[in-house]
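Mind the numbering: the sequence shown is residues 5 to 457 in this note's numbering, read in order.
Every residue, glycine too, gets a C-beta built ideally from N, C-alpha and C.
All values derive from a computational prediction rather than experimental measurement.
Written out below as structure tokens is the structure these notes cover.
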Amino acid sequence: MCDTIIATPSATKNGRLLFGKNSDREPDEVQNLVYYPPREIIPEQEIKCTYISIPMNNLIQENEQLQTNGVLLSQPFWMFGGEMGINDKGVVIGNEALMTKVKPAESGLTGMDLLRLALEMSNSALEAVQVIIRLLEKFGQGGMCGYRHKLYYMNGFLIGDSQDAYVLETVGKEWAWKKIENVWSISNKISLEKDLDQRSENLIEFAIQKGWCHSESDFNFSKCYSDKIITWGAQAKGREQHTRHELFSRKGELTIQDMMSILRSHHEIQRNTSNSWRPMKGLRMTVCAHATNNLTRTSQSVNSLVVEMYHGHPLILSTGASNPCISPYFPICIGNEGLPTKYTAHTGKAEFSPENFWWRSEKIHRQVVLKYQAMHPPIATSIKEYENSMLEEIKSIFPREEPLPQEIINKHYHQVEKLLSHWEQEISKYPFDPFNHKLRLYWRRYNKLNEIP
């Protein structure tokens, strides 16, 4: 389960589009930051996606480019595609699982495949919408999208560039999209209802055939196609309502710090001003997601990404790690030197790797969540101090036509590593949260599975 948020230039304080997403995946499912440079499109060759291969000539139309864009992805380690990403033309996309009444296909392009292919082939947000639709109608969507769990789903997308933003939601080969005027969020439920800018030819006819509505005037995309039980179990409506409230309440004044704050929220307790929240509270998902059991909270936020669009290079921040409420964001950029020099992606199996940043962070997080009430306040304070300083320095050199200097990327990544090392040394000084025996057993099992020392 995931949450994706976007604000168009008219809704932000500085008149620049803002984007953010938490990618919620299974525990142990490493999510890497990966840059794919431009490559030549050879029409007679095929691209091997997660489950199917597609001819390269299906990526291009007459007079279109014969080279892909450079793409920065937040990518589950075993997939072709990504959960969120941005290309060197300034197009950003976040993908969301949609639980619908229509059974997903056993194979096809995954939503993450579609996201990567759209970024590689589009120069604007609207072009990305069109690329996804074209590929969807030709190849369909499908395939198991869980890591260890057998999870199949349809897909929605929030897509933006420096000027415009769109929400595109799909079921099988059917689709609908709408241009976003101010702010929008999606949270594992179909968000579009009656107000559609464009839709596929059979979207309404299929719903009428199934008896989900009686006529075009009666059609509501969300009500007709949503699987209400699974959507309810995922707390999709509650998360969507929370992110929409936060976005609309700050409309016209939104900043990148606001996007980070929203993605760090545990919305079930936002009304409670005390510091009583801990990961074991609640049965359903929150925006900053914490895995706690194998029934109702099986996934967690394994990476978080925020983007502020500028003319030239955008400002991109990522945690590169789980649980943004206890993870600092650090700057990255698009290009061969856009990631920290010492950052190491994880490939192959998911077992613990001390060289990989995601796993080093995860080892610490799994101890912190057991002592959350005591450790979160000092961690949050140190994160705020670091991020305020980082953003002050970074924003002083934006906008820029050149990529962010490698030395600045490395500097802030090193500061994040120092924070992690400090927290690791401090863990033994703090008490465990009360009544967290089940959570300790839960994480002990995963640690044993991955041989985490």
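Indicate the three-state DSSP secondary structure (helix, strand or coil) for Arg1 in the structure shown. Within the shown structure, residues of the chain are numbered from 5 to 457, placing residue 1 beyond reach of any answer.
Cut-off 8 Å between Cβ atoms - residues of its own chain near Glu355, not counting five sequence neighbours on either side: For Glu355, where only same-chain residues beyond five positions count, the Cβ hits under 8 Å are Asn454 and Glu455.
Every unbroken beta strand (DSSP E) within the stretch 414 to 453, with a cutoff of 3 residues, ordered by chain: With a minimum length of 3 residues, no continuous beta strand (DSSP E) run stays inside the stretch 414 to 453.
So which of Met60, Ser78, Arg43 and Leu424 has the shortest CA-CA distance to Asn99? When each option's Cα is compared against that of Asn99, the closest is Ser78.
Give every residue of the same chain whose Cβ lies closer than 8 Å to the Cβ of Leu200, excluding the five residues on either side of it in the sequence, and list them in chain order. Listed in chain order, the non-local C-beta contacts of Leu200 below 8 Å within the same chain comprise Ala180, Trp181, Lys182 and Phe225, local neighbours out to five positions each way being set aside.
Is the Cβ-Cβ distance between Thr1 and Lys193 less than 9 Å? Only positions 5 to 457 of the chain appear in the structure, and residue 1 is not among them; the question remains open.
Who are Thr174's beta bridge partners in DSSP? Paired residues: Trp179.
Between the CA atoms of Val291 and Ser269 - distance to the nearest angstrom: Between Ser269 and Val291, the C-alpha separation is close to 6 Å.
State the start and end residues of the unbroken beta strand (DSSP E) segment that holds Ser78. Note, Ser78: beta strand (DSSP E), Val75 to Pro80.
Taking Arg301 as the reference, which of Leu309, Val311, Val310 and Pro283 has the closest Cα? For the residues Leu309, Val311, Val310 and Pro283, the minimum Cα distance to Arg301 belongs to Pro283.
In chain order, what residues of the same chain lie with their CB nearer than 7 Å to the CB of Val135, ignoring the 5 residues before and after it? Cβ neighbours of Val135 beyond the five flanking positions: Leu121, Ala122, Met125 and Ser126.
Could you give the distance in angstroms between the alpha-carbon of Tyr164 and the alpha-carbon of Gly19? Correcting the residue identity first, residue 164 is Gly in this sequence and not Tyr. Answer to the nearest angstrom: the Cα atoms are 14 Å apart.
Collapsed DSSP secondary structure at Gln49 in the structure displayed: Residue state, collapsed to three classes: coil.
With DSSP as the reference, identify every bridge partner of Asn99, one or two as the case may be. Phe161.
Taking the Cβ atom as the reference point for each residue, do Gly89 and Pro80 lie within a distance shorter than 9 Å? With respect to Pro80, Gly89 sits apart: the two C-beta atoms are not nearer than 9 Å.
Classify Thr16 as helix, strand or coil using the three-state DSSP reduction. In the structure shown, Thr16 sits in a strand (DSSP, three-state: E or B).
Would Thr114 pass as a contact of Phe84 if the rule is Cβ separation under 9 Å? A contact, by the Cβ cut-off of 9 Å.
Taking 7 Å as the limit between beta carbons, can you name the residues of its chain near Ile46, skipping five residues before and five after? Correct list, in chain order: Met60.
Just checking my contact of Pro435 with Ala384 at CB under 8 Å: how many whole Å lie between their CB atoms? Taking C-beta atoms under 8 Å as the contact rule, Pro435 and Ala384 fail to qualify, at a distance of about 18 Å.
If you compare alpha carbons, which of Tyr390, Glu141, Pro13 and Leu155 is closest to Thr104? Ranking Tyr390, Glu141, Pro13 and Leu155 by Cα distance to Thr104 puts Leu155 first.
Assuming contact is defined by CB atoms lying nearer than 9 Å, are Ala109 and Gly74 in contact in what I supplied? With respect to Gly74, Ala109 sits apart: the two C-beta atoms are not nearer than 9 Å.
What's the gap between the Cα of Ser14 and the Cα of Glu406? Cα-Cα distance, rounded: 26 Å.
By DSSP's criteria, Tyr40 is part of a beta bridge. Which residues make up the other side? Beta-bridge partners of Tyr40 (DSSP): Val75.
Is Ile273 helix, strand or coil when you go by DSSP? With a pLDDT of only 44 at Ile273, under 50, the local geometry of the prediction cannot be trusted, and no value is derived from it.
Ala384 bridges to which residues according to DSSP? DSSP lists no partner for Ala384.
Buried versus exposed, by CB contacts within 10 Å (16 or more), Phe439: Exposed: under 16 other Cβ atoms inside 10 Å.
Counterpart residues of Asn26 in DSSP-defined beta bridges: Among the bridge pairs identified by DSSP, Asn26 is matched with Asp7 and Ser308.
Under the three-state reduction of DSSP, which class applies to Ala349: helix, strand or coil? Ala349: coil per DSSP, three-state reduction.
Using the beta-carbon count (16 or more within 10 Å), is Glu366 buried or exposed? Within a 10 Å sphere around the beta-carbon of Glu366 sit 16 or more other beta-carbons, which makes this residue buried.
Please return the same chain residues whose Cβ sits closer than 7 Å to the Cβ of Glu220, not counting the five positions on each side in sequence. A distance below 7 Å between beta-carbons, with the five flanking residues on each side excluded, links Glu220 to the following residues of its chain, in chain order: Ile208.
May I ask which residues mark the beginning and end of the beta strand (DSSP E) holding Met313? It is not in any beta strand (DSSP E) - Met313 carries neither H nor E in the DSSP assignment.
Quick check: Ala101 and Cys53, are their CB atoms within less than 9 Å of each other? Taking 9 Å as the Cβ cut-off, Ala101 and Cys53 do not qualify as a contacting pair.
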